[in-house]
Amino acid sequence: MDWYMEKMDIQKNEKRIYLFLFLLVWCIQMLTAVYFCCQKQGFHEDEYYTYYSTARTYGLMIEDGAWMERDAYFDEFVVLEGEGFQYGMVKLVQSWDVHPPVYYWLFHTVCSFFPGQFSKWFGLGINLAAFGFSMFLLRCLSLKVTGQNEKLSLFVCFFYGFTPAAMSSVVFIRMYALLTVFVYLCAILHVRVVENDGILVKQQSEGEREEGQDSQTGKLSFGKFLLPLMAVTYLGFLTQYYYFIFWFFMAFAFCVYLLWRDRNLWNCIRYGISQAIAYALAYLTYPSCLGQMFRGQRGAQATSNFFDFSNTLTRISFFWELLDEYVFGKTLLLLLVLAVIAAVSAGFTIRKRKKYNVAYGLLLFAVIGYFLAVSKTALLLGNTSVRYQTPIYGIVVLLLFGAIRGGWNCCCELRGDKKNYIGEKLFQTAAVLYMLAGLSGLFLGRVVFLYPEAAERVSFAREKAASDVPVVCLYDAGQSWCVWDCADEFFEYDRIYFASQNDTEPILDAVIADSGELVVYLSNTAEKQEQLERIRNSNPKLTAYELRYQEKYCDVYYFHE
30 MDWYMEKMDI QKNEKRIYLF LFLLVWCIQM LTAVYFCCQK QGFHEDEYYT
80 YYSTARTYGL MIEDGAWMER DAYFDEFVVL EGEGFQYGMV KLVQSWDVHP
130 PVYYWLFHTV CSFFPGQFSK WFGLGINLAA FGFSMFLLRC LSLKVTGQNE
180 KLSLFVCFFY GFTPAAMSSV VFIRMYALLT VFVYLCAILH VRVVENDGIL
230 VKQQSEGERE EGQDSQTGKL SFGKFLLPLM AVTYLGFLTQ YYYFIFWFFM
280 AFAFCVYLLW RDRNLWNCIR YGISQAIAYA LAYLTYPSCL GQMFRGQRGA
330 QATSNFFDFS NTLTRISFFW ELLDEYVFGK TLLLLLVLAV IAAVSAGFTI
380 RKRKKYNVAY GLLLFAVIGY FLAVSKTALL LGNTSVRYQT PIYGIVVLLL
430 FGAIRGGWNC CCELRGDKKN YIGEKLFQTA AVLYMLAGLS GLFLGRVVFL
480 YPEAAERVSF AREKAASDVP VVCLYDAGQS WCVWDCADEF FEYDRIYFAS
530 QNDTEPILDA VIADSGELVV YLSNTAEKQE QLERIRNSNP KLTAYELRYQ
580 EKYCDVYYFH E
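The numbering used here puts the first residue of the sequence shown at 30, with every later residue one more than the last.
Structure (structure tokens):
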């Protein structure tokens, strides 16, 4: 008994050490995330929409041939005094777009505590909290899937938390960091059932109890599984519809497992009814969800892409390259080969022991299904599309390194050498070196959504605003929403003159006609030379101009005498 108690004490001490190491790594990761948040200088147009759609007052109505005061523009991006906590308005605005409202409700709540203020930290604060919590969830999931392997779980959390993909999700002020939390929670709840972590209400016969049998079969606990999963599904689905994709594949594999294990439908029926209730409640909360998923602008586009088989290889290749570059630093193919070799080695041991890692199989099926479905339906927007797959990247890291580690253990077991110290040290050294090499991706410009060039542009706007230089925005009337892509610059000016690019006649405004300088934002869909001549005809004193910089939707020119 003494040796047993001593062994238990050693195991407890090891767990404390690894928990301390995880907390240390977690603190460094949070500091790193804050560092990149500080480096963020500009915004993606969708980030501006996050502010606009949760704080709008009257709607950004552009009037052709008229000045817009700064307050009229700025007020559409901030929650004004007396307009906070208006969740009905937030839901209404989202019903006009393509996303569910939970993230926007949360964002609106934060902004409501700071009326009249615009700050990147409102959104970044939410993401930092979601990222920090998700790393704890990833550790929990890793421990359950790997059989409480503390070393491997620490490695997975260390590696993923420092990837450019993880940091990019933190600095992108949208719902994907929050979605990651719900995806991890969904995965953990299902894995707990597989691991029988106190979540089954077992129904054993008297004979089984007398014989001391520990049957895995039993009724799914409502309080420990079905109810929490209902809450996760309700919130996850109303955060981003991609949650449904992950849940669908997880639920399919999970129900197949239940049928194989129990040989009856009752647990599957109870599971299905509880989830149907969760989705019904989500629909009653937000009836626009079905239209946004299958019709509307993005719904119809996603459905069309999904059933267009001609683009399948192109789309899968595109998202594969994003995963390779922003998570594995261009080493994914090598790791996949090692994982396949490990799986083959593990196959011999599995057949010998007749013991299967069902939790691993559930996650693998759900992740592959999510990756393929999202690859078929998501927008192809260059490196900014990395956000669509971010919720599963941490699980991909877990599955890949878990396979390699498991294969290594199986190889040692087949050789009858469970304590191969030299090989183990070499394996650990290689893992540490690979882990450190992965850190280099953070400082090679792979973190997306920072927009460092925006600092110089805002500085230019601030300089011209201080000199009272008039500003003209020649916008595309068919895409007037593009004018919010320059919001951080427009915030610097006292007022802006908006004119449609569809007109070619000189602008008849006394301020523009008498000015010796002029800043012009020209839509990149315009006939540039024609519109530039229009400005010169509006003020003959402006004999020279130069292109200062180009933005996504417009070019910025500086006219002077």
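Glycine included, each C-beta is placed from N, C-alpha and C at the ideal position.
First through last residue of the beta strand (DSSP E) which encompasses residue i
i: VAL501; result: 500–504
i: TRP150; result: It is not in any beta strand (DSSP E) - TRP150 instead sits in the alpha helix (DSSP H) that spans 149–174.
i: PHE588; result: 583–589
i: TYR578; result: 573–579
i: SER552; result: 546–552
i: GLY527; result: The amino acid occupying residue 527 in the given sequence is Phe; Gly does not appear at that position. Run containing PHE527: 524–529, per the beta strand (DSSP E) assignment.
i: TRP276; result: First-last for TRP276: 271–291, but that is the alpha helix (DSSP H), not the beta strand (DSSP E).
Same chain, Cβ closer than 6 Å to residue i, five either side skipped, listed in chain order
i: ARG491; result: GLU521
i: ALA159; result: ALA206, LEU207, VAL210
i: ASN296; result: LEU249, LEU287
i: GLY358; result: GLY467, GLY470
i: GLU580; result: none
i: ARG85; result: GLU105
i: ALA506; result: SER529, ASN531
i: TRP55; result: MET164
Candidates the options: closest to residue i by CA position
i: PHE283; options: LEU551, LEU249, LEU256, LYS493; result: LEU249
i: PHE103; options: LYS570, ASP523, ASP538, LEU571; result: ASP523
i: PRO481; options: TYR80, ASN566, LYS44, PHE72; result: PHE72
i: TRP96; options: ARG563, VAL540, ARG565, ASN568; result: VAL540
i: GLN457; options: ARG434, ARG475, SER469, VAL476; result: ARG434
i: TRP134; options: GLN508, PHE147, SER82, THR413; result: SER82
i: LEU214; options: ARG168, ARG203, THR192; result: ARG168
i: LYS69; options: GLN558, VAL199, MET118; result: VAL199
i: LEU256; options: TYR578, TYR308, PHE519; result: TYR308
i: VAL63; options: ARG299, ASP126, LEU479; result: LEU479
i: LEU48; options: LYS570, GLN146, ASN156, GLU179; result: GLU179
i: LEU183; options: LEU364, VAL373, GLU92, MET464; result: MET464
i: GLU350; options: ARG299, ARG475, ASP93; result: ARG475
i: THR554; options: THR572, LEU537, VAL512; result: VAL512
i: THR314; options: LEU258, ARG99, LEU409, TYR263; result: TYR263
i: LEU52; options: GLY111, MET164, GLU92; result: MET164
i: PRO499; options: GLU98, TYR77, GLU92, LEU60; result: GLU98
i: LEU157; options: SER148, PHE201, LEU121, TYR116; result: PHE201
i: PHE143; options: TYR87, SER509, GLY111, SER171; result: GLY111
Burial state of residue i, where buried means 16 or more other Cβ atoms lie within 10 Å
i: CYS66; result: buried
i: CYS515; result: buried
i: MET90; result: exposed
i: SER197; result: buried
i: GLU240; result: The pLDDT assigned to GLU240 is 34, lower than 50, so where the model puts this residue is not dependable; a value taken from the coordinates is nonetheless given after this. Exposed is the call here.
i: TRP437; result: buried
i: GLN123; result: buried
i: ASP517; result: buried
i: TYR132; result: buried
i: ALA484; result: exposed
i: TYR578; result: exposed
i: VAL222; result: buried
Start and end residues, alpha helix (DSSP H) containing residue i
i: PHE347; result: 341–355
i: SER488; result: 483–495
i: TRP125; result: Premise fails: TRP125 is in no alpha helix (DSSP H) and is neither H nor E.
i: TRP513; result: Premise fails: TRP513 is in no alpha helix (DSSP H) and is neither H nor E.
i: GLU74; result: 74–84
i: GLU559; result: 557–567
Beta-carbon separation (whole angstroms), residue i vs residue j, contact threshold 8 Å
i: PHE400; j: PHE348; result: 7 Å
i: GLN530; j: TYR504; result: 7 Å
i: TYR417; j: ALA194; result: The Cβ separation is near 11 Å, so there is no contact.
i: THR343; j: LYS405; result: Not a contact, Cβ separation roughly 10 Å.
i: THR138; j: PHE114; result: 7 Å
i: PHE191; j: GLN304; result: Contact flag wrong, Cβ pair sits at about 35 Å.
i: VAL185; j: LEU362; result: The Cβ separation is near 20 Å, so there is no contact.
i: GLY145; j: VAL107; result: 6 Å
i: LEU571; j: VAL501; result: Contact doesn't hold; Cβ gap of about 11 Å is too wide.
i: VAL396; j: ILE421; result: 5 Å
i: LEU391; j: VAL127; result: The pair is not a contact, with the Cβ atoms about 30 Å apart (cut-off 8 Å).
Neighbourhood of residue i by C-beta, 7 Å cutoff - its chain only, sequence neighbours within 5 removed
i: TYR28; result: Summary: the structure shown does not reach residue 28, with the chain confined to residues 30 through 590, and so no result is reported for it.
i: ILE46; result: none
i: LEU576; result: ASP584, TYR586
i: GLN560; result: LEU503, GLN530, LEU551
i: MET322; result: TYR270, GLY328
i: ARG238; result: At ARG238, the pLDDT of 37 sits below 50, so the modelled position is not reliable and the matter cannot be decided from this model.
i: THR419; result: ALA194, SER198, TYR205, THR209
i: GLY325; result: VAL127
Own chain partners of residue i with C-beta closer than 8 Å, once the 5 adjacent residues on each side are dropped
i: LYS557; result: LEU551, ASP584
i: TRP150; result: CYS66
i: SER339; result: none
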